[in-house]
Amino acid sequence: SQRGGNNAHSNTANSNSHMANSIHSTHSNSERSIGRRKKHKYGFQLKPYNPEHKPPGSKDLVYLEPSPGFCEKNPKLGIEGTH
4 SQRGGNNAHS NTANSNSHMA NSIHSTHSNS ERSIGRRKKH KYGFQLKPYN PEHKPPGSKD
64 LVYLEPSPGF CEKNPKLGIE GTH
């Protein structure tokens, strides 16, 4: 038994020691670890406006630009307006 709980030089093999040091580990370049580095680099973390809002799914239609107003006349877009 090691003093102070230090098992660094114990003879028992840690079952996770191979994966923890592997370059093929699933967490080596994960988005989470990259996000943590950026959070510490800039000293803040972005928070969603509504944390319960779910991201769009693969079948959801996502608009990259807002829809034009159809009430105001816009000949460039062919909108005659409703006023």
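Heads up: the sequence shown runs through residues 4 to 86, numbered per my numbering.
The C-beta atom is built at its ideal place from N, Cα and C for all residues, glycine as well.
If you're wondering where the values come from, they're calculated on a predicted model, not measured in any experiment.
Apart from the five residues on each side of it in sequence, which residues of its chain come closer than 7 angstroms, Cβ to Cβ, to residue i?
i          : result
residue 83 : 76
Would you identify the three-state DSSP class for residue i, choosing helix, strand or coil?
i          : result
residue 19 : Legend: pLDDT at residue 19 = 48, less than 50; position of this residue unreliable, value from coordinates given subsequently. Residue 19: coil per DSSP, three-state reduction.
What whole-angstrom Cβ distance do residue i and residue j have, given they're in contact under 8 angstroms?
i          : j          : result
residue 69 : residue 80 : That pair is no contact at about 13 angstroms.
What does a CB cutoff of less than 6 angstroms around residue i pick up in its chain, not counting 5 residues either side in sequence?
i          : result
residue 18 : Here residue 18 scores only 48 on pLDDT, less than 50, and its place in the model should not be relied on; the value that follows carries that caveat. Here the set comprises nothing.
residue 54 : none
residue 85 : 74
Ordered along the chain, which non-local residues of its own chain (more than five positions away) have a Cβ less than 8 angstroms from that of residue i?
i          : result
residue 65 : 59
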